[in-house]
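Accompanying notes for the structure given below.
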Amino acid sequence: MKKQLKLTRRRFITLSVLGAGGMCLLSRCANPPLSPWRFVTEQESKLLDALVEQIIPTDEWPGGRDAGVTNFIDMQLTGPYARYQESYRKGLAAIEETCKTKFQKRFEELPFEEQTQFLKTMEAGKMEGKLWEKGFDRQFFRLIRDHSMQGFYGSPRHGGNKNNVSYKMMRLDYPVIIGQNRYNN
Amino acid sequence: MGNKHVNAIVVGAGAGGGIVAKELSVAGLSVVLFERGGWATYDDTDTDELKSQRTTVLGNAYGPDDQRYKRVVVNNDGSANIVLPSEGGYNNNAACVGSGTVSYGAMAWRFMQEDFKLKTTYGPIEGSTLDDWPITYEDLEPCYEKAEWEIGVAGDATQNPFGAPRNKPYPMPPFSHNKEAKLLYDAAKRLGYHPFPIPMLRNSVPYGGRPACIRMRTCCGFACPVNAKCGTHNTVIPIAIESGNCELRINSVVSEILVNEQGKITGVTYFDEKNRKQTQTADIVVVSGSATETARLLLNSKSKFFPKGIGNENDWVGHNLQGHAYTGAYGIFEDEVYDDLGPGASVAISDFNHHNPGIMGGGVLCNEFIRMPYSFTGIRPPGSASWGKEHKAFQRLNFKRVAQAVGPYQEIPNFEARVEVDPTVKDFWGIPVARLSGTRHEKDIEGCRLMSEKAELWLKEAGAVQTWQSVGGGKGISGGQHQAGTCRMGNDPKTSVTDKYGRIHAVPNLFVADGSLNVNNGGFNPALTIMALGFRVGGYIASEWSKGNRFK
Ligand SMILES: Cc1cc2nc3c(=O)[nH]c(=O)nc-3n(C[C@H](O)[C@H](O)[C@H](O)COP(=O)(O)OP(=O)(O)OC[C@H]3O[C@@H](n4cnc5c(N)ncnc54)[C@H](O)[C@@H]3O)c2cc1C
Numbered sequence: 097m098k099k100q101l102k103l104t105r106r107r108f109i110t111l112s113v114l115g116a117g118g119m120c121l122l123s124r125c126a127n128p129p130l131s132p133w134r135f136v137t138e139q140e141s142k143l144l145d146a147l148v149e150q151i152i153p154t155d156e157w158p159g160g161r162d163a164g165v166t167n168f169i170d171m172q173l174t175g176p177y178a179r180y181q182e183s184y185r186k187g188l189a190a191i192e193e194t195c196k197t198k199f200q201k202r203f204e205e206l207p208f209e210e211q212t213q214f215l216k217t218m219e220a221g222k223m224e225g226k227l228w229e230k231g232f233d234r235q236f237f238r239l240i241r242d243h244s245m246q247g248f249y250g251s252p253r254h255g256g257n258k259n260n261v262s263y264k265m266m267r268l269d270y271p272v273i274i275g276q277n278r279y280n281n
Numbered sequence: 041m042g043n044k045h046v047n048a049i050v051v052g053a054g055a056g057g058g059i060v061a062k063e064l065s066v067a068g069l070s071v072v073l074f075e076r077g078g079w080a081t082y083d084d085t086d087t088d089e090l091k092s093q094r095t096t097v098l099g100n101a102y103g104p105d106d107q108r109y110k111r112v113v114v115n116n117d118g119s120a121n122i123v124l125p126s127e128g129g130y131n132n133n134a135a136c137v138g139s140g141t142v143s144y145g146a147m148a149w150r151f152m153q154e155d156f157k158l159k160t161t162y163g164p165i166e167g168s169t170l171d172d173w174p175i176t177y178e179d180l181e182p183c184y185e186k187a188e189w190e191i192g193v194a195g196d197a198t199q200n201p202f203g204a205p206r207n208k209p210y211p212m213p214p215f216s217h218n219k220e221a222k223l224l225y226d227a228a229k230r231l232g233y234h235p236f237p238i239p240m241l242r243n244s245v246p247y248g249g250r251p252a253c254i255r256m257r258t259c260c261g262f263a264c265p266v267n268a269k270c271g272t273h274n275t276v277i278p279i280a281i282e283s284g285n286c287e288l289r290i291n292s293v294v295s296e297i298l299v300n301e302q303g304k305i306t307g308v309t310y311f312d313e314k315n316r317k318q319t320q321t322a323d324i325v326v327v328s329g330s331a332t333e334t335a336r337l338l339l340n341s342k343s344k345f346f347p348k349g350i351g352n353e354n355d356w357v358g359h360n361l362q363g364h365a366y367t368g369a370y371g372i373f374e375d376e377v378y379d380d381l382g383p384g385a386s387v388a389i390s391d392f393n394h395h396n397p398g399i400m401g402g403g404v405l406c407n408e409f410i411r412m413p414y415s416f417t418g419i420r421p422p423g424s425a426s427w428g429k430e431h432k433a434f435q436r437l438n439f440k441r442v443a444q445a446v447g448p449y450q451e452i453p454n455f456e457a458r459v460e461v462d463p464t465v466k467d468f469w470g471i472p473v474a475r476l477s478g479t480r481h482e483k484d485i486e487g488c489r490l491m492s493e494k495a496e497l498w499l500k501e502a503g504a505v506q507t508w509q510s511v512g513g514g515k516g517i518s519g520g521q522h523q524a525g526t527c528r529m530g531n532d533p534k535t536s537v538t539d540k541y542g543r544i545h546a547v548p549n550l551f552v553a554d555g556s557l558n559v560n561n562g563g564f565n566p567a568l569t570i571m572a573l574g575f576r577v578g579g580y581i582a583s584e585w586s587k588g589n590r591f592k
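Chains B and A supply the protein sequences, listed in that same order.
Counting in this note's numbering, the final residue of the first sequence is number 281, and the numbers go up one at a time with none missing.
Counting in this note's numbering, the final residue of the second sequence is number 592, and the numbers go up one at a time with none missing.
Put into structure tokens, the structure is as follows:
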């Protein structure tokens with residue numbers, strides 16, 4: 097019974113993601129220069145998708161990518177996180193650059209395990225080369241990790257946690273019901 | 041143009057200032073109460089964890105904002121950087137009518153008798169400005185009682201044998217315990233400790249014309265949707281306004297205290313809601329901007345009479361900045377301990393608040409307010425993954441299985457921990473910003489270790505199968521929500537800023553009434569003590585005024 101429920105939920109989410117993508121494609125045909133993103137480029141968004149999916153991977157519950165964490169980050173970068181725009185531009189480019197020289201591939205094209213390894217090196221502050229000088233590897237990793245957590249576990253109003261997915265996963269009744277008086281129970 | 045002259049100006053409509061404004065206006069003085077923020081309500085941000093007053097990553101729900109405010113923080117290595125209000129280093133409390141009392145957790149502690157006599161109790165401590173207060177607990181007791189009855193506290197003092205003596209019970213019965221608190225309550229009993237319900241500035245039954253608490257989980261860090269949390273914004277400030285003698289001037293930032301050609305304080309300058317510079321004159325000025333901003337305002341008020349800032353002849357304004365070193369432990373239980381019954385924190389032990397061998401002071405230990413999904417992502421046993429599959433699984437499996445016992449260790453006052461004004465950095469209005477520097481006393485960590493050990497034992501006894509400590513008190517600036525100590529009261533003008541009624545030593549008509557006055561900060565959250573001090577300072581001014589004293 098339980099399993100079935102979960103399956104349905106996952107299917108529902110997959111379907112809804114497809115749905116949104118479909119719509120997006122349609123609008124692009126009519127108006128090609130329109131981007132769904134506010135700050136990041138199409139290419140950066142693909143890289144971000146892979147990164148947030150590493151931070152919060154899909155298991156029996158959707159992960160960072162399907163929960164809209166990239167959308168959260170993009171949205172905040174033109175709001176309260178405008179001060180991190182430069183770090184993101186520089187950090188995403190540095191990941192791209194490093195992957196190109198090292199693997200002749202984009203980060204998002206690497207197998208999942210290799211991506212994890214890459215991020216572990218960043219986390220440990222062990223990236224080599226000029227791009228990662230002065231602890232930028234560790235710093236940028238933390239930024240992505242913290243912002244991914246915020247996007248996945250924060251309120252959906254900020255662009256992530258699509259369909260309250262993390263609240264459902266943690267079995268929290270959301271939205272909070274106001275006006276219940278449980279004082280006497 | 042020009043504003044009408046009034047009897048008193050109060051700067052800051054928070055815990056201390058709201059009370060002073062009420063005491064003065066009901067006594068018949070005309071008052072202008074300045075507040076740099078506006079009215080805040082639940083609907084502004086509701087239960088948004090990322091924009092609350094506890095987790096501020098996307099901004100402070102109840103002020104101040106990142107667009108107009110900043111501070112400078114000096115790091116341990118001597119480097120300095122600008123911090124915004126939503127960043128931890130800013131050491132924020134709040135900026136709105138009621139300030140922290142709108143969104144606080146609302147624990148309502150009286151300090152203990154020893155807290156007013158730390159030097160007598162523990163002797164001098166090297167590297168510390170530890171001292172006795174110029175008043176005793178008994179002097180402040182009637183003011184604590186006023187705070188408990190006029191603002192409203194729910195609790196049962198008979199269950200805490202370590203509480204200081206009192207004349208009257210709390211006006212409201214205590215809150216019931218949620219699931220984890222029940223477990224901890226029983227465990228404390230088994231350990232021979234003395235658990236009791238945390239006194240709360242929150243309605244357990246209807247009180248003061250407002251309803252009882254509905255026990256939401258999103259309480260600490262949030263405004264109350266039904267107005268059951270008791271702050272100055274829904275008690276004393278409305279009374280002050282209704283008296284007809286108090287004008288609350290919101291969105292108004294006081295920039296300087298005015299001094300005339302005779303060296304007398306005559307009022308303040310401020311920027312109004314349209315950012316126009318204005319003047320307001322008064323017979324008396326009371327500064328209640330909280331420990332950081334009060335010190336900043338005094339230091340920014342330089343003149344030929346006060347070349348180092350008002351009240352700063354002996355270089356004490358801004359020193360002894362302190363908050364609390366939060367310290368405790370976490371435990372994972374086999375069964376779920378989370379039952380979603382807010383506000384979460386309800387059980388406390390005060391067994392380790394004083395008289396711990398080899399330790400200065402101590403603190404109260406409580407179960408923690410209810411965790412939120414994002415803040416829980418940082419709660420892991422040492423060595424755990426901070427991201428990835430394992431991290432996500434922990435979040436899912438243990439969110440409802442983890443409990444925390446934690447408390448505020450009373451920091452050892454340190455002269456070098458301080459607020460200055462920055463020589464170059466200015467805020468939106470061009471006012472020099474606060475510059476925070478210094479660090480905690482090196483011995484704080486010892487008290488923290490002891491409290492964390494006790495907290496861990498307590499959780500184990502309650503049935504936790506895995507426990508770990510989170511020890512506070514490390515190097516770095518302290519202040520934050522519990523900021524205090526920057527204009528301490530005392531009898532000796534050489535080692536304090538105000539007298540025992542909060543009056544700046546060398547200035548007859550300038551007072552301070554907020555956490556700045558605290559000589560030390562207790563092993564408790566400080567709001568009720570700050571409120572009691574508000575009643576003391578306000579009550580003193582009002583009674584002197586009625587006797588004809590015009591503080592000239
Ligand atoms: C999330 C949270 C939880 C808390 N939980 C507890 C708790 O459980 N128990 C407890 O005891 N305490 C708690 N506190 C702390 C408590 O709120 C503070 O200790 C208390 O409000 C401090 O009182 P104060 O009068 O010193 O300053 P504040 O209450 O901060 O008042 C200062 C006011 O002055 C205004 N101001 C400052 N400068 C100027 C200026 N230049 N011009 C105009 N206005 C100005 C500010 O905007 C502010 O409104 C909590 C605080 C927060 C934020």
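We put the beta carbon where it would ideally sit given N, CA and C, even for glycine.
For residue i, tell me which candidate among the options has the shortest Cα-Cα distance.
i: glycine 384 of chain A; options: A:Ile410, A:Ile305, A:Gly403; result: A:Ile410
i: isoleucine 175 of chain A; options: A:Asn589, A:Arg576, A:Trp585, A:Lys587; result: A:Arg576
i: glycine 271 of chain A; options: A:Leu180, A:Ile191, A:Pro201; result: A:Ile191
i: phenylalanine 236 of chain B; options: B:Thr197, B:Glu140, B:Tyr184; result: B:Tyr184
i: threonine 197 of chain B; options: B:Pro176, B:Leu227, B:Ala178, B:Pro207; result: B:Leu227
i: glycine 256 of chain B; options: B:Ser131, B:Thr137, B:Leu130, B:Glu149; result: B:Glu149
i: phenylalanine 74 of chain A; options: A:Val326, A:Arg242, A:Thr306; result: A:Val326
i: valine 245 of chain A; options: A:Pro213, A:Gly478, A:Pro164; result: A:Pro213
i: alanine 572 of chain A; options: A:Asp554, A:Ser143, A:Gly145; result: A:Asp554
i: lysine 500 of chain A; options: A:Ala146, A:Arg230, A:Asn131; result: A:Arg230
Counting along the chain, where does the beta strand (DSSP E) carrying residue i start and finish?
i: glutamate 376 of chain A; result: Glutamate 376 of chain A -> no beta strand (DSSP E), and no H or E assigned at all.
i: serine 477 of chain A; result: 472-477
i: lysine 317 of chain A; result: 317-327
i: lysine 466 of chain A; result: 458-466
Starting from residue i, find everything on chain B with Cβ-Cβ shorter than 9 Å and list it in chain order.
i: glutamine 93 of chain A; result: Residues of chain B passing the Cβ test: none, with the nearest at roughly 15 Å.
i: serine 126 of chain A; result: Pro176
Using a Cβ-Cβ cut-off of 8 Å, state whether residue i counts as contacting chain B.
i: phenylalanine 439 of chain A; result: yes
i: glutamine 435 of chain A; result: yes
i: leucine 223 of chain A; result: no
i: aspartate 467 of chain A; result: no
i: glycine 99 of chain A; result: yes
i: leucine 90 of chain A; result: yes
i: serine 119 of chain A; result: no
i: aspartate 375 of chain A; result: no
For a contact defined as C-beta to C-beta under 9 Å, what are the partners of residue i on chain A?
i: methionine 218 of chain B; result: Per Cβ cutoff of 9 Å: no residues; methionine 218 of chain B is ~11 Å from chain A at best.
i: arginine 202 of chain B; result: Those within 9 Å of arginine 202 of chain B in chain A number zero; the least Cβ separation is about 21 Å.
Strictly below 8 Å CB to CB, what residues from chain B border residue i?
i: proline 413 of chain A; result: Tyr249, Gly250, Ser262, Tyr263, Met266, Leu268
i: aspartate 106 of chain A; result: Pro176
Find the residues of chain A that neighbour residue i, judging by a C-beta separation of less than 7 Å, and give them in chain order.
i: isoleucine 152 of chain B; result: Lys432
i: methionine 245 of chain B; result: Tyr414, Thr417
Which residues in chain B have a C-beta closer than 7 Å to the C-beta of residue i? List them in chain order.
i: lysine 429 of chain A; result: Pro153, Asp155
i: aspartate 1 of chain A; result: The displayed coordinates of chain A run from 41 to 592. Any statement about residue 1 of chain A would go beyond what the structure contains.
For residue i, would you say it is in contact with chain A, using Cβ-to-Cβ distances shorter than 8 Å as the test?
i: glutamine 172 of chain B; result: yes
i: threonine 212 of chain B; result: yes
i: arginine 234 of chain B; result: no
Where do the N-terminal and C-terminal ends of the alpha helix (DSSP H) with residue i fall, by residue?
i: alanine 146 of chain A; result: Careful: alanine 146 of chain A lies outside any alpha helix (DSSP H) and carries neither H nor E.
i: valine 72 of chain A; result: Note, valine 72 of chain A: premise wrong, no alpha helix (DSSP H); beta strand (DSSP E) at 71-74.
Using a Cβ cut-off of 8 Å, pull out every chain A residue sitting near residue i, in sequence order please.
i: arginine 253 of chain B; result: Asp88
With three or more C-beta pairs closer than 8 Å as the rule, is the stretch 86-97 of chain A touching the stretch 245-259 of chain B?
Contact between the stretch 245-259 of chain B and the stretch 86-97 of chain A is present, because at least three Cβ pairs lie under 8 Å.
Could you tell me whether the stretch 261-279 of chain A touches the stretch 117-135 of chain A, using the rule of 3 or more Cβ pairs below 8 Å?
When C-beta atoms of the stretch 261-279 of chain A are compared with those of the stretch 117-135 of chain A, fewer than three pairs fall below 8 Å, so the two segments do not count as touching.
Count the CB pairs spanning the stretch 318-325 of chain A and the stretch 43-50 of chain A that are closer than 8 Å, and state whether there are at least three.
Taking 8 Å as the limit for Cβ pairs, the verdict is that the stretch 43-50 of chain A does touch the stretch 318-325 of chain A.
Examine the Cβ distances between the stretch 371-388 of chain A and the stretch 510-529 of chain A and report whether three or more of them are shorter than 8 Å.
Proximity of the stretch 371-388 of chain A to the stretch 510-529 of chain A falls short of the contact definition, fewer than three beta-carbon pairs being nearer than 8 Å.
I want to know whether the stretch 141-152 of chain A touches the stretch 194-214 of chain A - three or more CB-CB distances under 8 Å.
Taking 8 Å as the limit for Cβ pairs, the verdict is that the stretch 194-214 of chain A does touch the stretch 141-152 of chain A.
Taking contact to mean 3 or more Cβ pairs, one atom from each stretch, closer than 8 Å, check whether the stretch 484-504 of chain A and the stretch 351-368 of chain A are in contact.
Enough Cβ pairs lie closer than 8 Å, so yes.
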